[in-house]
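Asker: In the UniProt record's numbering, the protein residues as written are 1 to 265.
This is the structure, below, for whatever I ask next.
Structure (structure tokens):
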């Protein structure tokens with residue numbers, strides 16, 4: 001069975017901000033999807049123990065007051081999220097999400113350490129391995145020259161990817177972790193389908209893509225796909241760093257993937 005047809009664990013977080021070293025989990029979703037089985041949903045609302053900035057609440061809709069009244073203690077939520085991911089990885093099911101290597105998995109790692117919870121990387125049996133499918137890394141590799149949609153909507157955000165791969169998008173539901181996790185899993189499925197479809201059978205808009213590289217994903221097993229993403233993520237970070245250094249010679253973009261090493265910053 002090719003990698004996109006098997007069972008996947010879709011994962012997404014909504015948080016207090018975008019700093020993986022400092023910000024906190026507000027909501028989390030871990031959904032078992034695909035593989036010919038029913039969806040297995042799990043989601044959490046945490047009290048992060050800090051104020052949720054208005055800017056973050058405007059994105060995901062959770063205020064400090066709501067999180068304090070309805071959310072569970074952060075340490076319990078973090079432990080349960082880590083355990084559910086570890087159980088999936090422990091039976092060879094990959095974790096899929098959008099930008100999870102740069103953001104969600106690293107932030108989860110820092111939250112685990114903050115709350116004295118055993119981190120995900122330390123819960124995986126030595127005979128198993130981390131298996132991650134990051135749709136931002138995959139999309140950037142297979143469709144390298146897509147332009148921004150607008151000044152406010154980038155080429156690689158999940159909304160843009162959904163449209164590129166002919167998936168529906170509801171702004172009212174977006175930035176809810178359940179919705180975003182499921183859309184990311186569907187993007188992964190579409191990318192995998194294109195990788196295993198002959199180019200002459202691609203939709204017209206995909207045939208028009210400049211220098212597509214979907215074929216490089218064809219027939220990879222999950223381990224090879226994971227290893228390829230380590231390489232591609234590093235290359236993409238290096239390219240972004242080079243771009244930033246045109247205006248800021250000191251700019252640094254970390255290419256670590258799928259979890260930024262602890263203590264690296």
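Note that CB positions come from ideal geometry on N, CA and C, so glycine has one too.
Bear in mind the structure is a predicted one, so any value in this text is a computation, not a measurement.
Under 8 angstroms, with one C-beta from each stretch per pair, do the segment 129 to 144 and the segment 175 to 195 reach the 3-pair mark?
Answerer: The answer is yes - the segment 175 to 195 touches the segment 129 to 144, with three or more Cβ pairs under 8 angstroms.
Asker: Provide the residue(s) that pair with residue 25 in DSSP beta bridges, ordered along the chain.
Answerer: Locating residue 25 in the chain shown gives position 25, counting from the first residue. Its beta-bridge partners are 15.
Asker: Rounding to the nearest angstrom, what Cα-Cα distance links residue 95 and residue 11 in this structure?
Answerer: Taking the chain shown and counting its residues from 1, the one referred to as residue 95 is at position 95. Taking the chain shown and counting its residues from 1, the one referred to as residue 11 is at position 11. Taking the straight line from one Cα to the other gives about 7 angstroms.
Asker: Please confirm whether residue 222 has its beta-carbon closer than 7 angstroms to some beta-carbon of chain D.
Answerer: Annotation note: the requested chain D is absent from the structure, which comprises a single protein chain.
Asker: Of the residues 263, 258 and 262, which one's Cα is nearest the Cα of residue 129?
Answerer: Within the chain shown, the letter at position 129 stands for residue 129. It is 258 whose Cα lies nearest to the Cα of residue 129.
Asker: Rounded to whole angstroms, what is the Cα-Cα separation between residue 289 and residue 228?
Answerer: With the chain represented from 1 up to 265, any question about residue 289 goes unanswered, as that position is not in the structure.
Asker: Sorted by chain position, which residues of the same chain lie with C-beta nearer than 6 angstroms to residue 106's C-beta, five sequence neighbours on each side aside?
Answerer: One-based indexing of the chain shown puts residue 106 at position 106. These residues qualify, in order along the chain: 20, 259 and 260.
Asker: With a CB to CB cut of under 7 angstroms and the five nearest residues on each side skipped, what residues in its chain are close to residue 245?
Answerer: Looking up residue 245 in the chain shown gives position 245. Excluding residues within five positions, the ones whose Cβ falls inside 7 angstroms are 251.
Asker: DSSP has residue 232 in a bridge; who is on the other side?
Answerer: Here residue 232 refers to the residue found at position 232 when the chain shown is read from its first residue. DSSP output for residue 232 lists no bridge partner at all.
Asker: Mind listing, in chain order, the continuous beta strand (DSSP E) runs of no fewer than 3 residues lying wholly within the segment 40 to 118?
Answerer: 43 to 47 and 95 to 97
Asker: Report buried or exposed for residue 60, applying the criterion of at least 16 other Cβ atoms within 10 angstroms of its Cβ.
Answerer: As a working mapping, residue 60 is identified with position 60 in the chain shown. So residue 60 ends up on the buried side.
Asker: Just to confirm before moving on: does the CB-CB distance between residue 56 and residue 102 stay below 7 angstroms?
Answerer: Start at 1 with the first residue of the chain shown, and residue 56 comes out as number 56. Start at 1 with the first residue of the chain shown, and residue 102 comes out as number 102. No, these two residues do not count as a Cβ contact at 7 angstroms.
Asker: My assumption, with CB atoms under 8 angstroms, is that residue 64 sits in contact with residue 30. Please give the rounded CB distance.
Answerer: As a working mapping, residue 64 is identified with position 64 in the chain shown. As a working mapping, residue 30 is identified with position 30 in the chain shown. At roughly 24 angstroms, the Cβ-Cβ gap does not stay under 8 angstroms, so residue 64 and residue 30 are not in contact.
Asker: So the beta strand (DSSP E) residue 133 belongs to, where does it begin and stop?
Answerer: Numbered from 1 along the chain shown, position 133 holds the residue referred to as residue 133. Element bounds for residue 133: 132 to 134.
Asker: Looking at C-alpha atoms only, which residue of 217, 82, 138 and 160 is the closest neighbour of residue 117?
Answerer: Here residue 117 corresponds to residue number 117 of the chain shown, with the count starting at 1. Closest in C-alpha terms to residue 117, from the list 217, 82, 138 and 160, comes 82.
Asker: I'd like the list of long-range same chain contacts for residue 167, defined as Cβ closer than 6 angstroms, with 5 residues on each side in sequence excluded.
Answerer: In the chain shown, the residue the question calls residue 167 occupies position 167. For residue 167, where only same-chain residues beyond five positions count, the Cβ hits under 6 angstroms are 186.
Asker: Where does residue 243 land, buried or exposed, given buried means 16+ other C-beta within 10 angstroms?
Answerer: One-based indexing of the chain shown puts residue 243 at position 243. Label assigned to residue 243: exposed.
Asker: Could you check the C-alpha separation between residue 120 and residue 180 for me, to the nearest Å?
Answerer: As a working mapping, residue 120 is identified with position 120 in the chain shown. As a working mapping, residue 180 is identified with position 180 in the chain shown. Using only the alpha carbons, I get a separation of about 21 angstroms.
Asker: For residue 160, count neighbouring Cβ atoms within 10 angstroms of its own Cβ and tell me buried if that reaches 16, exposed if not.
Answerer: If you number the chain shown from 1, residue 160 lands on position 160. Buried, since its Cβ has 16 or more Cβ neighbours within 10 Å.
Asker: Using the Cα positions of residue 131 and residue 224, report the straight-line distance between them to the nearest angstrom.
Answerer: Taking the first residue of the chain shown as position 1, residue 131 is located at position 131. Taking the first residue of the chain shown as position 1, residue 224 is located at position 224. Within the model, the alpha-carbon separation for residue 131 versus residue 224 is close to 10 angstroms.
Asker: Alpha carbon to alpha carbon, what distance is there between residue 147 and residue 204?
Answerer: Numbered from 1 along the chain shown, position 204 holds the residue referred to as residue 204. Numbered from 1 along the chain shown, position 147 holds the residue referred to as residue 147. Answer to the nearest angstrom: the Cα atoms are 18 angstroms apart.
Asker: Tell me, which residues are paired with residue 192 by DSSP?
Answerer: Here residue 192 refers to the residue found at position 192 when the chain shown is read from its first residue. Note: residue 192 sits in no beta bridge, so no partner.
Asker: Which whole-angstrom value is the C-beta distance of residue 270 and residue 23, which I expect to be below 8 angstroms?
Answerer: Outside the shown range of the chain, which is 1 to 265, sits residue 270, and nothing can be said about it.
Asker: DSSP puts residue 166 in a beta bridge; with which residues?
Answerer: Walking along the chain shown from the start, residue 166 turns up at place 166. For residue 166, which the question treats as bridged, DSSP gives no partner whatsoever.
Asker: State the CB to CB distance for the pair residue 125 and residue 90, rounded to an integer number of angstroms; the pair is presumed to be in contact (CB under 8 angstroms).
Answerer: Taking the chain shown and counting its residues from 1, one reaches residue 125 at position 125. Taking the chain shown and counting its residues from 1, one reaches residue 90 at position 90. The pair is a contact, with the Cβ atoms about 6 angstroms apart (cut-off 8 angstroms).
Asker: How would you call residue 48, buried or exposed, if buried means at least 16 neighbouring beta carbons within 10 angstroms?
Answerer: The residue labelled residue 48 in the question sits at position 48 within the chain shown. Residue 48 is buried by the Cβ-count criterion.
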